[in-house]
DNA sequence: GACCAGGCACATC
DNA sequence: GATGTGCATGGT
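Residue numbers (the working numbering): 13 to 237.
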């Protein structure tokens with residue numbers, strides 16, 4: 013937890029935070045809404061997810077029992093704006109079955125009592141919930157100190173020489189988890205900030221935080237843009 | 001019209 | 001284990 017890597021990772025967080033401020037993730041009024049958003053945002057712009065969540069809310073479906081009772085076609089039509097709606101409707105229904113079967117019986121409070129690693133494995137058993145979605149649920153719905161890795165994380169950290177192109181998901185996750193304190197609030201903000209800076213059309217000449225960061229960390233190396 | 005967006009499962013080698 | 005492909009809407 014000490015050493016240059018820890019200091020640099022902390023430095024990057026502080027720099028991004030100073031530049032962008034708090035990101036207030038995850039947007040959503042309930043644990044359940046956060047979980048649904050995590051599934052719906054797979055390879056999808058958040059704006060589209062908001063429309064889908066709005067449809068679900070208007071239909072009274074941001075409710076565990078009611079969504080569990082709905083058929084896949086109904087879910088599919090409501091989440092249409094989020095794209096991949098047939099696939100995602102099945103994934104949502106798979107999650108609902110997981111939630112309502114044993115041992116949770118539809119009770120998210122029961123889920124919340126499960127130890128982090130066991131819960132991660134359990135979530136990964138749901139068809140349609142992969143590592144990023146599982147970790148997003150663990151961190152943002154259940155407040156567990158799990159670092160979420162996504163395309164932005166890899167892009168930004170790759171640009172700045174922390175990882176190479178071949179780094180796989182678990183490797184990147186370990187980079188953060190082994191070199192930062194296991195603090196859910198820190199991981200929450202850090203991931204959100206990486207997404208924020210990752211969205212910037214960052215160029216070497218620009219004065220965005222990503223570029224300041226590059227100057228700070230790897231001044232002489234500008235990767236191919 | 002092309003390209004992208006807070007992935008994942010599955011087929012194939 | 002690595003690589004390729006289908007899934008789909010809405011914004012730029």
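The beta-carbon is built from N, C-alpha and C at its ideal position, and this holds for glycine as well.
query: contact_flag[the region 53–69, the region 94–101] where n(CB pairs < 8 Å) is 3 or more; result: yes
query: Own chain residues within Cβ distance below 8 Å of residue 194, not counting five before or after; result: 157
query: Euclidean distance between Cα positions of residue 90 and residue 138; result: 21 Å
query: Residue range of the unbroken alpha helix (DSSP H) whose run includes residue 208; result: 196–211
query: Contact under 8 Å by Cβ, residue 132 with residue 146; result: yes
query: Nearest residue (CA-CA) to residue 209, options 55, 35 and 144; result: 35
query: Simplified DSSP assignment, three categories, for residue 14; result: coil
query: Under 8 Å between C-beta atoms of residue 123 and residue 105; result: no
query: Residue range of the unbroken alpha helix (DSSP H) whose run includes residue 164; result: 163–171
query: 8 Å Cβ cutoff met for residue 77 and residue 120; result: no
query: Range covered by the alpha helix (DSSP H) that runs through residue 122; result: 120–124
query: Residue 22 versus residue 203 - alpha carbon distance; result: 13 Å
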